[in-house]
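Numbering (UniProt numbering), first residue to last: 1 to 212.
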Amino acid sequence: MSPRHSAAEAARTRERIIERGLALASVDGLEGLTIGRLAADLGLSKSGVLGHFGTKRALQLAALERAAVVFNAEVWRPAAGAPPGLPRLRALCAAWISYLTRGVFPGGCPFVSATFEQDGRSGPVRVLLRRQFRAWQRRVCAEVRTAVRAGDLPPGTDPAQLVFELYGVMMSLNHAIQLHGDPAAARHAGAAVERLLSPMPQPAAGGGKLAQ
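Listed below in structure tokens is the structure:
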């Protein structure tokens, strides 16, 4: 086999390992992502899996990085074409709900399981996870500020608070789907998002005074 073909085959094998590892992590968590399990699932030797990553920690980091790529493709990219501000916020939330309800990963969003798993821990996996969440939070906060400037959300809206509540809705949605199999979960999440992103009420006719 030529060096070029060897490199291409190695790249394909690495991709298979990451994809399968991410699927397993969504079900069993990052700590459940073992070299032995991956090797058995993919028909590889343990040394063959380790040869691509070196350590279990490196494999976990690669899975998290791939999860971010998938999340952006599933949630951010479909909403990117919407006008900035409230329209994009609505599109983001709709895509986020769709991502969770369609079962993109067999065990739900890997970020949700990783969040609980890494709570109270330290190390590079937690550092990467926090960096990924902060980057996403900054993106959504920017859209909230744009919506406030446009007058589509109340002027006193706290972007960090609103993003906190939207994130809570999505965590609850993932929980309702994965633990309870609740068929109404997406509808409840959509109603919660609609309430949180309700635009400012328009003044009533006649200067806002009630008719006598």
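Quick reminder that beta carbons are idealized off the backbone N, C-alpha and C, glycines included.
Relative to the Cα of Leu197, the nearest Cα in the group Asp158, Pro78, Gly32 belongs to Asp158. The three-state secondary structure of Phe164, taken from DSSP, is helix. Straight across, the Cα-Cα distance linking Leu42 with Ala25 is about 15 Å.
Of all C-beta pairs linking the stretch 52 to 63 to the stretch 75 to 83, fewer than three are shorter than 8 Å, placing the two stretches out of contact.
When DSSP states are grouped into helix, strand and coil, Ser122 belongs to the coil group. A distance of 9 Å or more separates the beta carbons of Ala135 and Ala67. In the three-state reduction of the DSSP assignment, Ala186 falls in the helix class, which pools H, G and I. Per DSSP, Pro78 is one residue of the alpha helix (DSSP H) stretching across 77 to 80. As the crow flies, the alpha-carbon of Gly181 is around 15 Å from that of Met170. Residue burial is scored here from C-beta neighbours: Thr146 has at least 16 other C-beta atoms within 10 angstroms and is therefore classed as buried.
Considering only Leu179, Leu166, Gln178, Pro199, the residue with the shortest C-alpha distance to Ala189 is Leu166.
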